[in-house]
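Reviewing the structure listed below.
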Amino acid sequence: MSLDDATVRKIATLARIDVADADLAPLAKELSGIMNWIEQLQEVDTDAVEPMSGGTDMTLSWRKDAVSDGGHADKVLTNAPEAHEGFFGVPKVVE
Amino acid sequence: MTELTQLSLSDARDGLTKGDFSAVELTQAHIEAMDTHRDLNAYITELPELALERAKEADYNIGQGQAGALEGLPLGIKDLFCTEGILTTAASHILDGFTPPYESTVTANLKAAGAVTLGKTNLDEFAMGSSNESSYYGAAVNPWKKTGDNSNLVPGGSSGGSAAAVAARMCIAATGTDTGGSIRQPASFCGIVGMKPTYGRCSRWGIVAFSSSLDQAGPMTRTVRDSALLLSAMAGHDPKDSTSADLPVPDFEASLTGDIKGLRIGIPSEYRLDELNADVKALWDKGITWLKDAGAEIIDIALPHTKYALPTYYIVAPAEASSNLARYDGVRFGLRVKGDSLDDMYVKTRAAGFGDEVKRRIFIGTYALSAGYYDAYYLKAQKVRQLIYQDFVNVFKGVDAILTPTAPTPAFPFGENSNDPLAMYLNDVFTVPASLAGLPGISVPSGLSSEGLPLGLQLLTKRWDEETLFRVAGVLEEAADFTEHPFEGEG
Numbered sequence: 035m036s037l038d039d040a041t042v043r044k045i046a047t048l049a050r051i052d053v054a055d056a057d058l059a060p061l062a063k064e065l066s067g068i069m070n071w072i073e074q075l076q077e078v079d080t081d082a083v084e085p086m087s088g089g090t091d092m093t094l095s096w097r098k099d100a101v102s103d104g105g106h107a108d109k110v111l112t113n114a115p116e117a118h119e120g121f122f123g124v125p126k127v128v129e
Numbered sequence: 002m003t004e005l006t007q008l009s010l011s012d013a014r015d016g017l018t019k020g021d022f023s024a025v026e027l028t029q030a031h032i033e034a035m036d037t038h039r040d041l042n043a044y045i046t047e048l049p050e051l052a053l054e055r056a057k058e059a060d061y062n063i064g065q066g067q068a069g070a071l072e073g074l075p076l077g078i079k080d081l082f083c084t085e086g087i088l089t090t091a092a093s094h095i096l097d098g099f100t101p102p103y104e105s106t107v108t109a110n111l112k113a114a115g116a117v118t119l120g121k122t123n124l125d126e127f128a129m130g131s132s133n134e135s136s137y138y139g140a141a142v143n144p145w146k147k148t149g150d151n152s153n154l155v156p157g158g159s160s161g162g163s164a165a166a167v168a169a170r171m172c173i174a175a176t177g178t179d180t181g182g183s184i185r186q187p188a189s190f191c192g193i194v195g196m197k198p199t200y201g202r203c204s205r206w207g208i209v210a211f212s213s214s215l216d217q218a219g220p221m222t223r224t225v226r227d228s229a230l231l232l233s234a235m236a237g238h239d240p241k242d243s244t245s246a247d248l249p250v251p252d253f254e255a256s257l258t259g260d261i262k263g264l265r266i267g268i269p270s271e272y273r274l275d276e277l278n279a280d281v282k283a284l285w286d287k288g289i290t291w292l293k294d295a296g297a298e299i300i301d302i303a304l305p306h307t308k309y310a311l312p313t314y315y316i317v318a319p320a321e322a323s324s325n326l327a328r329y330d331g332v333r334f335g336l337r338v339k340g341d342s343l344d345d346m347y348v349k350t351r352a353a354g355f356g357d358e359v360k361r362r363i364f365i366g367t368y369a370l371s372a373g374y375y376d377a378y379y380l381k382a383q384k385v386r387q388l389i390y391q392d393f394v395n396v397f398k399g400v401d402a403i404l405t406p407t408a409p410t411p412a413f414p415f416g417e418n419s420n421d422p423l424a425m426y427l428n429d430v431f432t433v434p435a436s437l438a439g440l441p442g443i444s445v446p447s448g449l450s451s452e453g454l455p456l457g458l459q460l461l462t463k464r465w466d467e468e469t470l471f472r473v474a475g476v477l478e479e480a481a482d483f484t485e486h487p488f489e490g491e492g
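Which chain is which? The protein sequence lines are A and B, in order. Just add 34 to the spot in the first sequence (first one is 1) and you have the numbering used here. Just add 1 to the spot in the second sequence (first one is 1) and you have the numbering used here.
Encoded structure:
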């Protein structure tokens, strides 16, 4: 499993992490090394195996679909890099 | 006041109850130790004023006969637990200045039990690492050194700051979190007891998420009794975490009966790796003898899918991490790097805010979850994870506990594995299988390597059987009689 530069560029775009062009090739080599090692999983016969999707086989608890907390906009916004009038501030998205 | 920093949690508790010393004196002694050993970089944030204020309240409560289970006992808190009004970093640049408006359930439980928080301990960035070298705040340093060699060694990771602080007597005990070995491996490297409970025993609410199907909080202490004591206070059902178990929390301290006669201890042949360090191998054999001498029956067992645990983990954990870490976008908290557009702001913030190892795992996880590769990697890993779990289920039909080494080597020098991710991942070869299976595990300091470094042995039991785990660990601890101290002339 060898990842080429274009694939790594695609992954970086999906992950929303800026990668400089010069860093693509070394990153591709490093990720390929890890994926090659992971490739050994393919030798395990898993045809009749149920995937294990969590860390417990207990039934996850349910609660009423009702508001249990809230009304803390001020507290929530205290950590925002930019906040205006009770909202998060972001760069302009609509011209 | 040096001697106050040598006490175990249970002895300090008894001393406070009897009035031998005050909580303020106990806390002050640890604050002094934090000053003395600041070069270990064990804490990201120190909270001496808050700790003393809390200790005064504890003295009052003790005087009123209203002491909680941990009243007045000074602890270190891994800086992955959100603490209300106190900087919480996850050792990442991207959480710059983040001050949570809420308290994690585990730390809230500790507060309610009367514990004093000395500070927030160092870790690998987002708990991703086995050496502490990925911390944005610089790595914590292991208080232990090789005999006759003054070079610094890693404390292990990711809970390396907690392990170093407990070993260096800069707190009586600390919290850690363990995703693939992040409590047990640093405990082994620093000569302390590190325990990962059954997945679901402690609430994950308010712990900065890494891999949600694996993350578990646990105690890091100097004795097995302390481990039981601290876990009893940390654990419990929490409606805010849907995977938190609605089970009563046993009195874990009561499980330390000292008697393991007739218990069956499994020894997995797959853990006898060819490349295993000779000292580690010898210690494991000693451990087997100790438990046998204590009346346990030793049984050879097979865990055939062991070799696939690490590659499985390195799909499951990065996949979950890539999803969990999507929240760091420069909008709601932490770092923001300005960009020409919203998207440009995202990519620049995340490029500047995450370190190399975190990025590596986000990329691997993103790839494994991406269209066309999901079945080949993520689904495949989930199926192999099931086989690894079933290996344990089968084995626990015939044994009560499993004994293995905790880590394949003692602590290593800085830089030794940092350029080779796969070599670094191998540190967790013995701890990851139990993490994938959601089992409880404990590392007990059991001896020194030929170079004078601590080594731990790991015990595992079936899910929800922490009581047997502590019971066997107590016997192992007594037989190993590990009394060595990292600083000559102290202790």
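The C-beta atom is built at its ideal place from N, Cα and C for all residues, glycine as well. Being a predicted model, the structure only gives us computed values, none of them experimental.
Does the beta carbon of Ala56/A come closer than 8 Å to any beta carbon on chain B? Here residue 56/A is taken as the residue at index 22 of the first sequence, counted from 1. At a cut-off of 8 Å between beta carbons, Ala56/A makes no contact with chain B.
Beta strand (DSSP E) segment containing Ser163/B, residue limits: What you label residue 163/B is simply residue 162 of the second sequence in a count that begins at 1. Premise fails: Ser163/B lies in the alpha helix (DSSP H), Gly161 to Ala168, not in any beta strand (DSSP E).
Quick check: the Cα distance between Tyr368/B and Ser447/B, rounded to an integer number of angstroms? Taking the second sequence and counting its residues from 1, one reaches residue 368/B at position 367. Taking the second sequence and counting its residues from 1, one reaches residue 447/B at position 446. C-alpha separation (whole angstroms): 41 Å.
Is His94/B helix, strand or coil when you go by DSSP? Here the question's residue 94/B lines up with position 93 in the second sequence. In this structure, His94/B counts as helix in the three-state DSSP scheme.
Along the beta strand (DSSP E) that carries Ser444/B, what are the first and last residues, could you check? For the purposes of this step, residue 444/B is identified with residue 443 of the second sequence, where counting begins at 1. Unbroken beta strand (DSSP E) run through Ser444/B: Gly442 to Leu449.
When the cut-off is 8 Å and only beta carbons count, does Glu119/A lie next to chain B? In the first sequence, counting from the first residue as 1, residue 119/A sits at position 85. Closer than 8 Å to the CB of Glu119/A there is not a single CB belonging to chain B.
Take Pro422/B and list the residues in its own chain whose beta-carbon comes closer than 7 Å to its own, dropping the five residues that flank it on each side. The sequence position of residue 422/B within the second sequence is 421, counting from 1. So the list reads Arg361, once near-sequence residues are dropped.
If the cut is a Cβ gap below 7 Å, which residues of chain A does Ala382/B touch? On the second sequence, residue 382/B is found 381 positions in, with the first residue counted as 1. Here the neighbours are Leu75.
Closer than 7 Å: is that where the CB of Lys463/B sits relative to any heavy atom of the ligand GTP? The ligand GTP is not part of the structure shown, which contains no ligands of any sort.
Whole runs of the alpha helix (DSSP H) within the stretch 376-440 of chain B, excluding any shorter than 4 residues: Segments of the alpha helix (DSSP H) lying fully in the stretch 376-440 of chain B: 381-396, 422-426 and 433-438.
Unbroken stretches of the beta strand (DSSP E), 3 residues or longer, contained in the stretch 77-129 of chain B: Listed in chain order, the complete beta strand (DSSP E) runs (minimum 3 residues) inside the stretch 77-129 of chain B are 117-122.
Check the Cβ of Leu423/B against every Cβ in chain A and list those closer than 9 Å, keeping chain order. Within the second sequence, numbered from 1, the residue matching residue 423/B stands at position 422. Against chain A, the beta carbon of Leu423/B has neighbours under 9 Å at Gly67, Ile68 and Trp71, listed in chain order.
Using a Cβ-Cβ cutoff of less than 8 Å, which residues in the same chain neighbour Leu53/B once the five nearest sequence positions on both sides are dropped? By 1-based counting over the second sequence, the position of residue 53/B is 52. Val25, Thr28, Gln29 and Ile32.
N- and C-terminal bounds of the beta strand (DSSP E) containing Gln217/B: The residue you call residue 217/B lines up with position 216 of the second sequence. For Gln217/B, the enclosing beta strand (DSSP E) covers residues Gln217 to Thr222.
Rank Leu51/B, Tyr103/B and Ala116/B by C-alpha distance to the C-alpha of Ala59/B and give the top, closest one. The residue you call residue 59/B lines up with position 58 of the second sequence. Measuring from the Cα of Ala59/B, the nearest candidate turns out to be Ala116/B.
Who are the neighbours of Arg185/B on chain A, taking C-beta pairs under 8 Å? Locating residue 185/B in the second sequence gives position 184, where the first residue counts as 1. Residues of chain A passing the Cβ test: none, with the nearest at roughly 16 Å.
Quickly, what does DSSP pair Phe122/A with across the bridge? List them, please. The count along the first sequence starts at 1 and reaches residue 122/A at position 88. Answer is Ala117/A.
Would Thr100/B count as contacting chain A if we go by Cβ distances under 8 Å? On the second sequence, position 99 is the one that residue 100/B refers to. For Thr100/B, the answer is yes, since a Cβ of chain A falls inside 8 Å of its Cβ.
Using the Cβ count rule (16 or more neighbours within 10 Å means buried), how would you classify Leu94/A? Your numbering for residue 94/A matches position 60 in the first sequence. Within 10 angstroms of the beta-carbon of Leu94/A lie fewer than 16 other beta-carbons, which makes it exposed.
What does Glu129/A reach in chain B if we use C-beta pairs closer than 8 Å? Looking up residue 129/A in the first sequence gives position 95. Neighbourhood of Glu129/A in chain B, by CB distance below 8 Å: empty, with the nearest CB roughly 11 Å away.
Could you list the residues in the stretch 351-362 of chain B with a C-beta less than 9 Å from some C-beta on chain A, going in chain order? Within the stretch 351-362 of chain B, the qualifying residues are Arg351, Ala352, Ala353, Phe355, Lys360 and Arg361.
Listed by chain order, chain A residues near Pro434/B by CB distance under 7 Å: Locating residue 434/B in the second sequence gives position 433, counting from the first residue. Here the premise fails: no neighbours, minimum Cβ distance about 13 Å.
Of the residues Glu254/B, Arg464/B, Gly259/B and Tyr309/B, which one's Cα is nearest the Cα of Asp227/B? Within the second sequence, numbered from 1, the residue matching residue 227/B stands at position 226. Measuring C-alpha to C-alpha distances from Asp227/B to each of Glu254/B, Arg464/B, Gly259/B and Tyr309/B identifies Glu254/B as the nearest.
Can you look up Gln459/B in the DSSP assignment and give me helix, strand or coil? Within the second sequence, residue 459/B is the residue found at index 458, counting from 1. If DSSP states are grouped into helix, strand and coil, Gln459/B belongs with the strands.
In three-state terms, what does DSSP make of Ala274/B? Within the second sequence, the letter at position 273 stands for residue 274/B. A quick correction: the sequence has Leu, not Ala, at residue 274/B. In the structure shown, Leu274/B sits in coil (DSSP, three-state: anything other than H, G, I, E or B).
Determine whether the Cβ of Gly88/A lies closer than 8 Å to any Cβ atom of chain B. Here residue 88/A refers to the residue found at position 54 of the first sequence. Interface residue, yes.
Which residues in chain A sit within 8 Å of Asp337/B, going by Cβ to Cβ distance? In the second sequence, the residue the question calls residue 337/B occupies position 336. Per the sequence presented here, residue 337/B reads as Arg, with Asp not at that position. Listed by position along chain A, the residues whose Cβ is nearer than 8 Å to that of Arg337/B are Pro115 and Glu116.
List the residues of chain B whose Cβ lies closer than 8 Å to the Cβ of Ser95/A, in chain order. Along the first sequence, read from residue 1 onward, the residue named residue 95/A stands at position 61. Within chain B, Pro240, Ser243, Ser245 and Asp247 have C-beta atoms less than 8 Å from the C-beta of Ser95/A, given in sequence order.
Taking 8 Å as the threshold (beta carbon to beta carbon), is Pro60/A in contact with chain B? The residue given as residue 60/A occupies position 26 in the first sequence. So, not an interface residue.
So which residues of chain B does Arg50/A contact, with C-beta pairs closer than 7 Å? Looking up residue 50/A in the first sequence gives position 16. Chain-order list of chain B residues neighbouring Arg50/A: Tyr347, Val348 and Arg351, by C-beta distance under 7 Å.
I'd like to know if Arg386/B contacts chain A, where contact means its C-beta is closer than 8 Å to some C-beta of that chain. Sequence index remark: in the second sequence, residue 386/B carries index 385 (1-based). Flagged as an interface residue toward chain A: Arg386/B, by a C-beta distance shorter than 8 Å.
Given Met2/B, which residues of its chain have a CB within under 8 Å of its CB, disregarding the five upstream and five downstream residues? Residue 2/B sits at position 1 when you count from the first residue of the second sequence. Low confidence applies to Met2/B: its pLDDT is 44, below 50, so where it sits in the model is not reliable, and the reading given next is rough at best. Within the same chain, Met2/B has close Cβ partners Glu26, Gln29, Ala30 and Glu33.
Continuous alpha helix (DSSP H) stretch holding Asp15/B: start and end: As a working note, residue 15/B is residue 14 in the second sequence. It spans Leu10 to Lys19 - the alpha helix (DSSP H) in which Asp15/B sits, taken as one unbroken run.
Give the secondary structure of Glu491/B by DSSP, where H, G and I count as helix, E and B as strand, and everything else as coil. The residue given as residue 491/B occupies position 490 in the second sequence. Low confidence applies to Glu491/B: its pLDDT is 49, below 50, so where it sits in the model is not reliable, and the reading given next is rough at best. The answer is coil: DSSP assigns Glu491/B none of H, G, I, E or B.
Option in Thr410/B, Met129/B and Ala128/B with minimal Cα separation from Asp275/B: Against the second sequence, residue 275/B aligns to sequence position 274. Measuring from the Cα of Asp275/B, the nearest candidate turns out to be Thr410/B.
Beta-carbon proximity list for Leu111/A, same chain, < 6 Å, skipping 5 on both sides: Numbered from 1 along the first sequence, position 77 holds the residue referred to as residue 111/A. Within the same chain, Leu111/A has close Cβ partners Ala117.
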